[in-house]
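Taking it in order: structure first as structure tokens, then the write-up.
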Amino acid sequence: MSDIRKEQALAAWRKLLEEPEIRMDAEDQYDDLLKMADTMEQEGLITATEWRQLVRKAGARFAQTTEGLSGGT
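Quick note on numbering that gives the first Met the number 0: the sequence shown kicks off at 0 and runs consecutively.
Now the structure itself:
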């Protein structure tokens with residue numbers, strides 16, 4: 000496993016988590032975060048446990064971003 004590649008991939012993932020692209024909605028951001036996590040796991044850069052952690056963080060961000068958008072006042 001390449002530590003440099005892993006760090007670069009995780010840095011890119013964190014950047015997308017914290018700073019989504021302009022005009023990127025929450026669903027697109029979530030989908031891209033999951034795809035990036037899947038790719039990192041498939042390439043052997045992260046373990047299944049690390050993959051789960053990334054997926055949970057992406058889900059939490061999606062929930063946070065969409066909170067209050069689906070109804071209410």
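Where is the CB? At the ideal position from N, CA and C, for every residue including glycine.
Assigned exposure category for residue i - 16 Cβ within 10 Å defines buried
i, result
"L68", "exposed"
"I45", "buried"
"T72", "At T72, the pLDDT of 46 sits below 50, so the modelled position is not reliable and the matter cannot be decided from this model."
Cβ pair residue i, residue j closer than 9 Å
i, j, result
"A57", "A36", "yes"
Nearest-angstrom Cα separation, counted from residue j out to residue i
i, j, result
"R22", "Q28", "10 Å"
"R13", "L53", "9 Å"
"R55", "S1", "24 Å"
"K9", "T48", "Residue identity differs from the one stated: residue 9 is Leu in this sequence, not Lys. Cα-Cα distance, rounded: 14 Å."
"A62", "I3", "31 Å"
"Q41", "W50", "10 Å"
Residue i: CB within 8 Å of a non-hydrogen atom of the ligand ZN
i, result
"E40", "The model depicted lacks the ligand ZN and carries no ligand whatsoever."
(message) So within the stretch 1–49, which uninterrupted beta strand (DSSP E) runs reach at least 3 residues, ignoring any that extend past its ends?
(response) none
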